[in-house]
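To keep things clear, I will list the structure first and then write my remarks on it.
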Amino acid sequence: MKFFVRYPGQRADTTNGQRLERRGRLSADWSRAKFHYGFASLPFVSPRGYIYHYQMFRRKADLPEAYRSRWLESGMDADNEPLDFQIIHHDLEHGTEKVVYDSTKQTNEQTNELTN
Numbered sequence: 001m002k003f004f005v006r007y008p009g010q011r012a013d014t015t016n017g018q019r020l021e022r023r024g025r026l027s028a029d030w031s032r033a034k035f036h037y038g039f040a041s042l043p044f045v046s047p048r049g050y051i052y053h054y055q056m057f058r059r060k061a062d063l064p065e066a067y068r069s070r071w072l073e074s075g076m077d078a079d080n081e082p083l084d085f086q087i088i089h090h091d092l093e094h095g096t097e098k099v100v101y102d103s104t105k106q107t108n109e110q111t112n113e114l115t116n
């Protein structure tokens, strides 16, 4: 029941975040970045400091060079591959879904680049 009571506020936050992103007002806040074992999360904040979404980094090489020293190794063996995953954007207003990131496609593209 709490979901339905809080839904209008959540929808307003989502709409405001989309508006700020379209206008280029959301910025990455590296001072609030969280580094965990095997991944890092980077918040995107408004000018007032409200966090609207996070960008996840699953590979150390994807981080800017200045922040690579803060990376925590996951302890996975070099032979093991990370799990495949997708990041999906759900548009509640229009009832649509969009795949924002697909790790299997990136892996396939990297493999094709290496073989060509």
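Mapping to our numbering: the sequence shown position 46 is 46, numbers consecutive. Quick reminder that beta carbons are idealized off the backbone N, C-alpha and C, glycines included.
Quiz item: In terms of DSSP beta bridges, what is Y37 paired with?
Solution: Partner(s): L72.
Quiz item: DSSP beta-bridge partners for H94?
Solution: According to DSSP, H94 bridges with nothing at all.
Exercise. Please name the residue, chosen from K60, Q86, E93, that lies closest to S103 on a Cα-to-Cα basis.
Key: Q86
Quiz item: So is P43 buried or exposed if we call it buried at 16+ other beta carbons inside 10 Å?
Solution: buried
Exercise. Compute the Euclidean distance between the alpha carbons of R32 and Q55, then round it to the nearest angstrom.
Key: 12 angstroms
Quiz item: Is R59 closer than 7 angstroms to F35 when the C-beta atoms are compared?
Solution: no
Practice problem: With DSSP as the reference, label S103 as helix, strand or coil. | Solution: helix
Quiz item: For A40, does the count of other Cβ atoms within 10 angstroms reach 16, so buried, or fall short, so exposed?
Solution: buried
Quiz item: By Cβ distance below 7 angstroms, which residues in the same chain neighbour Y101 in space, the five residues on each side in sequence not counted?
Solution: Q86, I87
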